[in-house]
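Below: the structure, in structure tokens.
Residue numbers (the numbering used here), protein chains in the order written: chain A, 11 to 268; chain B, 27 to 138.
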């Protein structure tokens, strides 16, 4: 521990009665938050595994489908999130030093970035809905789909060969036409895309709620936020949301094939 | 008024590590450079190495965020342990790929 890191002007913290030392108290908070983040890593990790598996099974279809995404909007969003992560770290720093006005500025900017992220996401999603790329009965793929699927695909999916009715779907109405396998592969990519980015966007919304609550509490000088720990923990959460996107952007937007 | 505290630990007696603005700013710039690098490399066809490079850069970015922005660098060993455990779990999760990768190694009759 070097001395220069021991800032003299750190705002005082109050020790709750169940703790022996302030270090122990802070550690409990931070480890508790990390425990939650570990569950989140597992949660998102499973989806990344699913993406990896299906990408390796249908490399060509996923390559083609991912080209329909707008890499520039994705790049913009990555930039926005990295910026917000920086301002979140600065907000925690200001709060630790008891600089209330600066904390409000940095927290406010982080929240603005989060709204900006959702705004870009809205533009992306609405374009995808317009092009019928949302998975479901209305899913369409207008670009040329190779009419002859790979031999391996046909063999592996002999029971759902193109055009043939599926086994065990007799309960569907007579008008039901099974979609083509090639279409399904692209739909699968968009299913994964919407689940992963949607879940991430949901986390961004939770982040907005958390950070806005903290902003208001600090603004009204509520005693709960005398301690910098609430801001620190919200910051940890926000950085985690950023890390998920750090992996989502290259894996979903940039790299189609494996 | 402050409540009386048995341990008299009211003041800042803890080991606070205040990272300098310069360090945060440098980290931010490094993250942006890595972002541009991810984008640029992905536009070049490296075959199977595209994903390796992308994951490598993402791992470096994650390390920067975790160690500096999240402050794990200065946290206790317990925090180090928990932060690492998350990634251990992630590796275990990805070991399920062992199933999918080896499926072609076994020849089953058609229809399985």
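We treat Cβ as the ideally placed atom computed from N, Cα and C, and that holds for glycine.
Cross-chain neighbours of residue i in chain B, by beta carbon under 9 Å
{"i": "residue 66 of chain A", "result": "123, 126 and 127"}
{"i": "residue 235 of chain A", "result": "What residue 235 of chain A touches in chain B: nothing, since even the nearest Cβ is about 17 Å away."}
{"i": "residue 112 of chain A", "result": "What residue 112 of chain A touches in chain B: nothing, since even the nearest Cβ is about 11 Å away."}
{"i": "residue 122 of chain A", "result": "Simply none; closest approach about 17 Å."}
Contact with chain B by residue i, beta-carbon distance below 8 Å
{"i": "residue 249 of chain A", "result": "yes"}
{"i": "residue 89 of chain A", "result": "yes"}
{"i": "residue 264 of chain A", "result": "yes"}
{"i": "residue 228 of chain A", "result": "no"}
{"i": "residue 70 of chain A", "result": "no"}
{"i": "residue 1 of chain A", "result": "This structure does not reach residue 1 of chain A, given that chain A is present from 11 up to 268, and the question cannot be answered."}
{"i": "residue 85 of chain A", "result": "yes"}
{"i": "residue 246 of chain A", "result": "yes"}
{"i": "residue 152 of chain A", "result": "no"}
{"i": "residue 163 of chain A", "result": "Unreliable placement is indicated for residue 163 of chain A, whose pLDDT of 46 sits below 50; the coordinate value is still reported in the next sentence. Not one chain B Cβ lies under 8 Å of residue 163 of chain A."}
{"i": "residue 160 of chain A", "result": "Because residue 160 of chain A carries a pLDDT of 45, less than 50, the predicted location of this residue cannot be relied on, and no value is offered for it."}
Interface residues of chain B facing residue i [CB-CB closer than 7 Å]
{"i": "residue 95 of chain A", "result": "91 and 95"}
{"i": "residue 99 of chain A", "result": "50 and 95"}
{"i": "residue 257 of chain A", "result": "84"}
{"i": "residue 260 of chain A", "result": "64, 68, 80 and 84"}
Burial state of residue i, where buried means 16 or more other Cβ atoms lie within 10 Å
{"i": "residue 74 of chain A", "result": "buried"}
{"i": "residue 242 of chain A", "result": "buried"}
{"i": "residue 45 of chain A", "result": "exposed"}
{"i": "residue 49 of chain A", "result": "exposed"}
{"i": "residue 84 of chain A", "result": "buried"}
{"i": "residue 36 of chain A", "result": "buried"}
{"i": "residue 148 of chain A", "result": "exposed"}
{"i": "residue 32 of chain B", "result": "Note that residue 32 of chain B scores a pLDDT of 43, beneath 50, so its modelled location is shaky; the value from the coordinates is reported in the next line. Label assigned to residue 32 of chain B: exposed."}
{"i": "residue 231 of chain A", "result": "exposed"}
{"i": "residue 30 of chain A", "result": "exposed"}
{"i": "residue 128 of chain B", "result": "exposed"}
{"i": "residue 196 of chain A", "result": "buried"}
Interface residues of chain A facing residue i [CB-CB closer than 9 Å]
{"i": "residue 120 of chain B", "result": "55, 58, 59 and 62"}
Residue-level contact to chain A via CB, residue i, 8 Å cutoff
{"i": "residue 65 of chain B", "result": "yes"}
{"i": "residue 72 of chain B", "result": "no"}
{"i": "residue 133 of chain B", "result": "no"}
Proximal chain A residues relative to residue i, where beta-carbon distance stays under 7 Å
{"i": "residue 57 of chain B", "result": "92"}
{"i": "residue 116 of chain B", "result": "51 and 55"}
Contact set between residue i and chain B, taken where Cβ atoms lie within less than 8 Å
{"i": "residue 209 of chain A", "result": "Those do not exist, as residue 209 of chain A stays about 16 Å from chain B at its closest Cβ, beyond 8 Å."}
CB contact below 8 Å: residue i versus chain E
{"i": "residue 87 of chain B", "result": "Given the protein chain composition of this structure (A and B), no chain E is represented."}
* To do: With 7 Å as the C-beta to C-beta threshold (strictly closer), list the residues of the stretch 23 to 49 of chain A near chain B in chain order.
  => Those would be 23, 24, 25, 30, 31, 32, 33, 36, 37, 40, 41, 44, 45, 47 and 48, in chain order.
* In the stretch 102 to 115 of chain B, which residues sit with their C-beta less than 9 Å from some C-beta in chain A, listed in chain order? -> Cβ contacts with chain A: 102, 104, 105, 107, 108, 109, 111, 112, 113 and 115.
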